[in-house]
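Student: FYI, my numbering numbers position 88 of the sequence shown as 382, with every residue one higher than the one before it.
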Amino acid sequence: MTEIELIQKIKTELAKSLAKRQHGFRTMQVGTVDQNGLPQVRSVVFRDYNFERGELVFHTDNRSGKVSQMFHNSNLALHMWDERSKLQLRWSGIATLHQEGEMFESHWKKSTPGSLKVYLAESAPGTKSEVASHNLPNRVLKKKELTKDEVEPGKANFCVVQVAAHSLEILHLGKAGHLRALLTQVDSQWSLSWIEP
Ligand SMILES: Cc1cc2nc3c(=O)[nH]c(=O)nc-3n(C[C@H](O)[C@H](O)[C@H](O)COP(=O)(O)O)c2cc1C
């Protein structure tokens with residue numbers, strides 16, 4: 295595979311993953327560094343990207359542990375794996391938290407009530423509970439579908455995380471042999487170097 299073919303393959307798969315729920319890239323793993331300097335990792339839904347600029351976006355709750363970790367240390371690692379295309383992507387970057395403003399508003403606007411209802415959680419995610427809890431008001435649990443107006447109170451807890459990636463390590467698994475490359479952002483453009491798998 296040539297450099298051009300590899301980049302094209304990544305672009306194609308990233309585009310597919312936003313359209314297809316089942317795509318491997320759709321759920322990515324986000325690594326943060328906590329207040330004790332320890333690594334923390336969890337899954338989030340991949341929401342948007344700009345490949346040329348190395349930007350990726352996910353949504354989260356303002357009150358979550360990862361948000362305080364990113365306030366403390368904005369270095370992030372993102373991991374994606376797609377079984378069908380045999381691609382692993384390892385992004386490293388810096389997080390910017392949007393709790394208001396243009397990007398925040400446009401993501402709130404284009405998200406469905408189904409994906410936004412989690413922001414109606416009454417207690418901060420991760421709070422200790424005496425009982426098994428879904429952390430959602432009863433009126434929300436009882437309803438199958440909510441309207442955008444009904445999820446609006448959750449907007450105060452919504453956070454858009456924009457990641458500016460400075461490097462992307464690619465691993466492509468192949469029967470005939472694997473292929474590994476490192477992309478780094480140089481003057482706002484990706485520059486590729488091959489590395490041994
Ligand atoms: C498939 C899947 C998708 C998830 N998507 C998100 C997401 O988009 N945003 C989010 O904050 N948490 C998401 N979660 C929950 C997180 O993995 C995590 O449990 C939660 O955000 C609390 O993490 P924290 O305490 O490290 O902040 C998802 C979990 C799974 C299993």
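Quick reminder that beta carbons are idealized off the backbone N, C-alpha and C, glycines included.
Quick one: is the Cβ of residue 310 within less than 7 Å of any heavy atom of ligand 1?
Tutor: No, the Cβ of residue 310 stays beyond 7 Å of every heavy atom of ligand 1.
Student: Excluding sequence positions up to five away, which residues of its chain have a Cβ less than 8 Å from the Cβ of residue 498?
Tutor: Since the first residue shown for the chain is 295 and the last is 491, residue 498 is missing from the structure and cannot be characterised.
Student: Out of 488, 478, 482 and 297, which one is the CA nearest neighbour of residue 385?
Tutor: For the residues 488, 478, 482 and 297, the minimum Cα distance to residue 385 belongs to 478.
Student: Have a look at residue 467 and residue 391 and give me their C-alpha separation to the nearest angstrom.
Tutor: In a straight line, the C-alpha of residue 467 is about 34 Å away from that of residue 391.
Student: Is the CB-CB distance between residue 459 and residue 408 below 8 Å?
Tutor: For residue 459 and residue 408, no; Cβs fall outside 8 Å.
Student: Compute the minimum distance between the beta carbon of residue 360 and the heavy atoms of ligand 1, and state whether it is under 7 Å.
Tutor: Residue 360: yes, Cβ under 7 Å from ligand 1.
Student: Since residue 482 and residue 347 are thought to touch, with beta carbons under 8 Å apart, how far apart are those beta carbons, to the nearest angstrom?
Tutor: Residue 482 to residue 347, Cβ: 7 Å. Contact.
Student: Taking 7 Å as the cut-off, is the C-beta of residue 454 nearer than that to any heavy atom in ligand 1?
Tutor: No, ligand 1 has no heavy atom inside 7 Å of this Cβ.
Student: DSSP three-state label for residue 451, please.
Tutor: Note: residue 451 maps to helix in three-state DSSP.
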